[in-house]
Amino acid sequence: MTAKPDKYDIVIVGAGPAGSITAKTAAALGSDVLMIEKRQAIGDPVRCAEGVSKPQLKEHIEPDERWIAAEVKGSRIYAPDSTSVELSEDVSGAEVGYTLERKLFDRALANEAALAGAEVRVKTRATGVIIEGGSVKGITAMHLGEECEIRADIVIGADGVESKIGRWAGIDTTLKPSEIETGAQFLVTDIDIDQDFCEFHLGASIAPSGYLWVFPKGNRSANVGLAIGGDVCHQGNRPIDLLRNFVEERYPNGKIIEIVVGGVPTSGPLEEMVTDGLMLVGDAARQSDPLTGGGIINAMDAGRIAGEVAAQAISEGNVSKARLREYETIWRERHGKRLKRSLAVKNRFVTMNDSDLNKLVHSVEGIDFSTMTLFEMLKVLVRKNPRMLISLGKLFV
Amino acid sequence: MIGVNRYKCGYCGACVSVCPIGAVELVETWVEIADDCTECGTCAGVCPIGAIEVLK
Numbered sequence: 015m016t017a018k019p020d021k022y023d024i025v026i027v028g029a030g031p032a033g034s035i036t037a038k039t040a041a042a043l044g045s046d047v048l049m050i051e052k053r054q055a056i057g058d059p060v061r062c063a064e065g066v067s068k069p070q071l072k073e074h075i076e077p078d079e080r081w082i083a084a085e086v087k088g089s090r091i092y093a094p095d096s097t098s099v100e101l102s103e104d105v106s107g108a109e110v111g112y113t114l115e116r117k118l119f120d121r122a123l124a125n126e127a128a129l130a131g132a133e134v135r136v137k138t139r140a141t142g143v144i145i146e147g148g149s150v151k152g153i154t155a156m157h158l159g160e161e162c163e164i165r166a167d168i169v170i171g172a173d174g175v176e177s178k179i180g181r182w183a184g185i186d187t188t189l190k191p192s193e194i195e196t197g198a199q200f201l202v203t204d205i206d207i208d209q210d211f212c213e214f215h216l217g218a219s220i221a222p223s224g225y226l227w228v229f230p231k232g233n234r235s236a237n238v239g240l241a242i243g244g245d246v247c248h249q250g251n252r253p254i255d256l257l258r259n260f261v262e263e264r265y266p267n268g269k270i271i272e273i274v275v276g277g278v279p280t281s282g283p284l285e286e287m288v289t290d291g292l293m294l295v296g297d298a299a300r301q302s303d304p305l306t307g308g309g310i311i312n313a314m315d316a317g318r319i320a321g322e323v324a325a326q327a328i329s330e331g332n333v334s335k336a337r338l339r340e341y342e343t344i345w346r347e348r349h350g351k352r353l354k355r356s357l358a359v360k361n362r363f364v365t366m367n368d369s370d371l372n373k374l375v376h377s378v379e380g381i382d383f384s385t386m387t388l389f390e391m392l393k394v395l396v397r398k399n400p401r402m403l404i405s406l407g408k409l410f411v
Numbered sequence: 543m544i545g546v547n548r549y550k551c552g553y554c555g556a557c558v559s560v561c562p563i564g565a566v567e568l569v570e571t572w573v574e575i576a577d578d579c580t581e582c583g584t585c586a587g588v589c590p591i592g593a594i595e596v597l598k
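Here the protein sequences line up with chains A and B, keeping their order. If you want our numbering, it's the position in the first sequence, counting the first as 1, plus 14. If you want our numbering, it's the position in the second sequence, counting the first as 1, plus 542.
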């Protein structure tokens, strides 16, 4: 291989859905793009429950059976006392539809970025950003143990929950323990579950300040996982302990063929996602939904907008914060209001005890949710429980 | 000091995101703690698997 020039229009740090869509979009518009990934294999290890909405996914990519593990019709939500309410597919909105095989999905997206013309370098970790004259001008990185400098007019941090790119450029992305859901998941196989429905279980003894999920993965298997508030995670009551208890009791004969752990930002999006010569996308910009924890679609949407704005900014020769802010403005117009609502609901939800949660589920028992969205369901909950949810009333008129 | 049990760690990066001074780094399959760590233990608190400890 010939030596690659170490100067690009755009360098993207991280090859998850946010990074790959950004890379694909900007490369297709003619920018000279490099995407780096610190791991040696894109997509692995997985840190995700892998659920995604069908129609929303289709806005970005044509579904391919190679990376779809299962398709679901709807979901059931279980109160602490086991009362359940059933939602059809379009109701659970962003959270069900497909269960992906992220290992293959992420790789397929990276492949699309490469085919669009982006360079890709794996086992390459950013170690810092280069700042000159108050603007970000590139990164320092380590590739196969060798330190190197990669210059670029725009640096895009798609480096996930553990993002450092923003911090290095002066954007404080630190999460408080209450602003992260910490989780564990087993891929459990040889179990009898309804492969047509996702399950969500609520309750302080199951998943305090969070929830437990069962996402069918086909072939008698499912992603069984839970996430809890980072501020209520303690020795002896960590996600791994709670999950082990649930799985031993519920699926005594199940076999665990994968362990997944991860943290999901639930702070709501950053107040500033751009600065001079730099943009943040996906979990790095804390764009995941604070209530559901879903982040794939928000990240892909950010990637598409960021890729377009970055490519335009490059061709205009203006990569100032003011120019790059267009990305943030468009993204916020599309997602800001919904995520603000999700954050308010989550903040109320984490203060509820089991008896409150039982009351909520009982209040909507028997209602036909087959034609409603998650927003509609929350609206009904607010209407049925005006006292308990008084603080949310204005958000659901 | 902060002890990270590499045999337990699932390298998810949750610890990195909560460090108030950015002293934690997820390299590939392990976590490194920088010398400027103040031993506040926030990282240990959020670990989903209990791989981090503040060692006295």
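C-beta atoms are modelled at their ideal positions from N, C-alpha and C, and glycine is treated no differently. Given the structure is predicted, the values throughout are model-derived calculations rather than measurements.
query, result
"Test: A:A108 CB closer than 8 Å to a CB of chain B", "Confidence is the limiting factor: at A:A108 the pLDDT is only 43, short of 50, which leaves the residue's position unreliable and the question unanswerable from this model."
"Contact between the region 36–51 of chain A and the region 174–184 of chain A (3+ Cβ pairs under 8 Å)", "no"
"Local conformation of A:P69 per DSSP, three classes", "helix"
"Three CB pairs or more closer than 8 Å across the region 129–142 of chain A and the region 53–67 of chain A", "yes"
"Min CB distance A:V143 to chain B below 8 Å", "no"
"9 Å Cβ cut-off: residues of chain A touching B:G545", "Within chain A, no residue comes near B:G545; the closest Cβ sits about 14 Å away, beyond 9 Å."
"DSSP state of B:I594 mapped onto helix, strand, coil", "strand"
"Reduced DSSP secondary structure (H/G/I, E/B, other) of A:G107", "Since pLDDT at A:G107 reaches only 47, below the 50 mark, its modelled position is unreliable, and the value read off the structure follows with that caveat. Helix."
"Within chain B, partners of A:E176 - CB distance below 7 Å", "G555, V558, S559, L568"
"Contact set for A:A316: own chain, Cβ-Cβ below 7 Å, skip 5 residues either direction", "A32, V295, G296, A299, Q301, W345"
"Closer than 8 Å to chain A by CB, B:D578", "no"
"Buried or exposed (CB count within 10 angstroms, at least 16 for buried), A:S219", "exposed"
"Three CB pairs or more closer than 8 Å across the region 146–153 of chain A and the region 75–85 of chain A", "no"
"Beta-bridge partners of B:G565, as assigned by DSSP", "In the sequence on display, residue 565 of chain B carries Ala and not Gly. Looking at the DSSP assignment, B:A565 forms no beta bridge with any residue, so it has no partner."
"Per DSSP, cross-strand counterpart(s) of A:L48", "A:V25, A:E133"
"Under 8 Å between C-beta atoms of A:A124 and A:D23", "no"
"Residue environment, A:E109, which counts as buried when at least 16 other CB atoms sit within 10 Å", "Because A:E109 carries a pLDDT of 45, less than 50, the predicted location of this residue cannot be relied on, and the following value inherits that uncertainty. Counting Cβ neighbours within 10 Å, A:E109 comes out buried, since at least 16 surround it."
"Closer than 8 Å at the beta carbon, the chain A residues around B:I594", "Result: empty, since nearest Cβ-Cβ is about 11 Å, beyond 8 Å."
"Contacts of B:G564 in chain A (Cβ-Cβ under 7 Å)", "K178, R181"
"A:E347, enclosing alpha helix (DSSP H) - first and last residue", "335–363"
"Short CB-CB distance (under 8 Å) between B:T584 and chain A", "yes"
"Nearest residue (CA-CA) to A:A236, options A:A172, A:E213, A:L371", "A:E213"
"Local Cβ density within 10 Å of A:V288, reported as buried at 16 or more and exposed below that", "buried"
"Beta-carbon spacing of A:S384, A:S102 below 8 Å", "yes"
"Of the residues A:S89, A:L114, A:F363, the one placed nearest A:I207, counting alpha carbons only", "A:S89"
"Alpha-carbon spacing of A:N233 relative to A:E195, whole angstroms", "29 Å"
"Backbone secondary structure at A:L292 - three-state DSSP", "strand"
"Beta-carbon proximity list for A:G142, same chain, < 8 Å, skipping 5 on both sides", "I153, T154, W182"
"Residues from the region 50–74 of chain A in contact with chain B, defined by Cβ distance under 8 Å", "K52, R53, Q54, P59, R61"
"Under 9 Å (Cβ pairs) to chain B, residues found in the region 229–240 of chain A", "none"
"Within 7 Å of chain B by C-beta, residues of the region 247–259 of chain A in sequence order", "C247, Q249, R252, P253, I254"
"C-alpha distance - A:P77 paired with B:E595, whole-angstrom precision", "43 Å"
"C-beta atoms of A:E176 and B:V588 nearer than 8 Å", "no"
"Classification of A:H215 by the beta-carbon crowding that lies within 10 angstroms, buried from 16 upward", "buried"
"Opening and closing residue of the beta strand (DSSP E) in which A:E322 lies", "That residue, A:E322, is in no beta strand (DSSP E); its alpha helix (DSSP H) goes 310–330."
"Bridge partner(s) assigned by DSSP for A:H157", "A:T138, A:E160"
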